[in-house]
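Pasting the structure below:
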């Protein structure tokens, strides 16, 4: 029988929830470093946060291979939920994935394991969706680049500490690169590949 | 969830029961299903998959044993409903009637529930089945009334 015992529900209102989540992600990408809220309500399987679940339901489909880190794939719940609600293929090879769900940034593999896209098709890159501890506390980062007037300050608490230094490869790879979305519960912050980061004292 | 507890034979029995119920519900009107469901006390449930419409490819086979080919796309609505007790029902209906898909999913979930299976059979499926058979036999009778029998007379020579 195809009955699944504990499968969390999807969006209550599929169209409006997906539209409002898309708007939040788009605003986050357009204003790097700004904290956007995701209002849509969806079930959350396993270790997935509300924001991650809403992003998955909005952006994933059968054409977007998804890679899960160890934390996310610890139980089959997340993969089963993704398959039922988004029909996105969950793959083991991170270098061809469209999205990577990172539940535990501590064990984030080297960025070279993900897709950077090609010069002809820079959009064929992996978007990292990282679940962090906090987007209101922790060390400050200074962001600058397109979409930011001057500089933006972002406070984010996550491991490993060198995560944002690693993103410096985006500068040399451009137009190839990696886009990152940080998620803390219902708050999201995007760091697209055009954004330059620097640690800020104090 | 029941797959783990039931033996294979029971499971195929459960599947067969669901199939029979689906065959009736798929051929019933939304209003009729809703009317019969409204008369009974519904268990607590939630939409696992909100009703949605999409396309499926309908495939055909020439002469029953020829090579399969794509006949065309058909609009289909589907939904999934979960009862608070854990049973998950799936509903697929031809057309854009999303409410029908949701009601079928709800009935499918209740058919799998041990306590509700009897009620749904007597209160919903049985009257709908009777109506369906009545409708079909009436149509058959209407068609039969227009039947023309042709005789071929043997023409004699001369």
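Residue numbers (the numbering used here), protein chains in the order written: chain Z, 1 to 202; chain F, 1 to 158.
Every residue, glycine too, gets a C-beta built ideally from N, C-alpha and C.
State the DSSP-derived secondary structure class of residue i, mapped to helix, strand or coil.
i: residue 22 of chain Z; result: helix
i: residue 94 of chain Z; result: helix
i: residue 102 of chain F; result: helix
i: residue 11 of chain Z; result: coil
i: residue 184 of chain Z; result: strand
i: residue 37 of chain Z; result: strand
i: residue 69 of chain F; result: strand
i: residue 2 of chain F; result: For residue 2 of chain F, the predicted model reports a pLDDT of 38, less than 50, meaning its position is unreliable; a value from the coordinates is still stated below. Coil at residue 2 of chain F, not helix or strand.
i: residue 16 of chain Z; result: helix
i: residue 94 of chain F; result: strand
i: residue 171 of chain Z; result: helix
i: residue 153 of chain F; result: coil
i: residue 42 of chain Z; result: coil
i: residue 199 of chain Z; result: strand
i: residue 147 of chain F; result: coil
i: residue 14 of chain F; result: helix
i: residue 134 of chain F; result: helix
i: residue 204 of chain Z; result: As shown, chain Z starts at 1 and ends at 202. That puts residue 204 of chain Z outside it, with no answer to give.
i: residue 142 of chain F; result: helix
i: residue 120 of chain F; result: helix
i: residue 9 of chain F; result: Because residue 9 of chain F carries a pLDDT of 47, less than 50, the predicted location of this residue cannot be relied on, and the following value inherits that uncertainty. The answer is helix: DSSP assigns residue 9 of chain F an H, G or I state.
i: residue 89 of chain F; result: strand
i: residue 125 of chain F; result: helix
i: residue 176 of chain Z; result: coil
i: residue 156 of chain Z; result: coil
i: residue 191 of chain Z; result: strand
By Cβ distance below 7 Å, which residues in the same chain neighbour residue i in space, the five residues on each side in sequence not counted?
i: residue 120 of chain F; result: 107, 110, 111
i: residue 116 of chain F; result: 43, 110
i: residue 71 of chain F; result: 58, 59, 60
i: residue 174 of chain Z; result: 193
i: residue 101 of chain F; result: 51, 77, 78, 79, 91, 92, 93
i: residue 81 of chain Z; result: 7, 8, 45
i: residue 77 of chain Z; result: 45, 46
i: residue 111 of chain Z; result: 166, 169, 178
i: residue 79 of chain Z; result: 68, 73, 90
i: residue 37 of chain Z; result: 24, 186, 187
i: residue 109 of chain Z; result: 94
Would you mind giving the Cβ-Cβ distance between residue i and residue j, rounded to the nearest angstrom? I have them listed as a contact below 8 Å.
i: residue 41 of chain Z; j: residue 12 of chain Z; result: 6 Å
i: residue 180 of chain Z; j: residue 28 of chain Z; result: Between residue 28 of chain Z and residue 180 of chain Z the Cβ distance is about 11 Å, and since that is not below 8 Å, they are no contact.
i: residue 98 of chain Z; j: residue 47 of chain Z; result: Incorrect: roughly 21 Å between the Cβ atoms, too far for contact.
i: residue 95 of chain Z; j: residue 121 of chain Z; result: Between residue 121 of chain Z and residue 95 of chain Z the Cβ distance is about 15 Å, and since that is not below 8 Å, they are no contact.
i: residue 164 of chain Z; j: residue 197 of chain Z; result: 5 Å
i: residue 157 of chain Z; j: residue 137 of chain Z; result: 5 Å
i: residue 75 of chain F; j: residue 53 of chain F; result: 6 Å
i: residue 77 of chain F; j: residue 44 of chain F; result: The pair is not a contact, with the Cβ atoms about 23 Å apart (cut-off 8 Å).
i: residue 159 of chain Z; j: residue 105 of chain Z; result: 6 Å
If you check the beta carbons only, do residue i and residue j fall under 8 Å apart?
i: residue 89 of chain Z; j: residue 66 of chain Z; result: yes
i: residue 183 of chain Z; j: residue 131 of chain Z; result: yes
i: residue 58 of chain Z; j: residue 50 of chain Z; result: no
i: residue 177 of chain Z; j: residue 166 of chain Z; result: no
i: residue 86 of chain Z; j: residue 61 of chain Z; result: yes
i: residue 68 of chain F; j: residue 59 of chain F; result: yes
i: residue 55 of chain Z; j: residue 15 of chain Z; result: no
i: residue 73 of chain F; j: residue 55 of chain F; result: yes
i: residue 154 of chain F; j: residue 21 of chain F; result: no
i: residue 125 of chain Z; j: residue 117 of chain Z; result: yes
i: residue 135 of chain Z; j: residue 171 of chain Z; result: no
i: residue 105 of chain F; j: residue 86 of chain F; result: no
i: residue 82 of chain F; j: residue 48 of chain F; result: yes
i: residue 98 of chain F; j: residue 79 of chain F; result: yes
i: residue 46 of chain F; j: residue 9 of chain Z; result: yes
i: residue 30 of chain Z; j: residue 147 of chain Z; result: yes
i: residue 39 of chain F; j: residue 149 of chain F; result: no
Leaving out the 5 sequence neighbours to the left and right, which residues in its chain are closer than 8 Å to residue i when beta-carbon positions are compared?
i: residue 153 of chain Z; result: 33, 140, 141, 142, 143, 200
i: residue 92 of chain Z; result: 67
i: residue 18 of chain F; result: 108, 111, 112
i: residue 103 of chain F; result: 25, 30, 33, 34, 37, 91
Near residue i, what residues of its chain come up, given a Cβ to Cβ distance below 6 Å and the 5 sequence neighbours on each side ignored?
i: residue 63 of chain F; result: none
i: residue 216 of chain Z; result: Because chain Z in this structure spans residues 1 to 202, residue 216 of chain Z falls outside the shown range and cannot be described.
i: residue 195 of chain Z; result: 32, 143, 145
i: residue 27 of chain F; result: 132
i: residue 53 of chain Z; result: 42, 44
i: residue 17 of chain Z; result: 11, 40
Within the 8 Å Cβ cut-off, does residue i reach chain A?
i: residue 49 of chain F; result: As a matter of chain content, chain A is missing from the structure shown, whose protein chains are Z and F.
Return the chain-ordered ranges of every alpha helix (DSSP H) run that is complete within the stretch 59-137 of chain Z and spans a minimum of 4 residues. 77-86
For the stretch 22-86 of chain F, list the alpha helix (DSSP H) runs that are entirely contained and at least 4 residues long, ordered along the chain. 30-39
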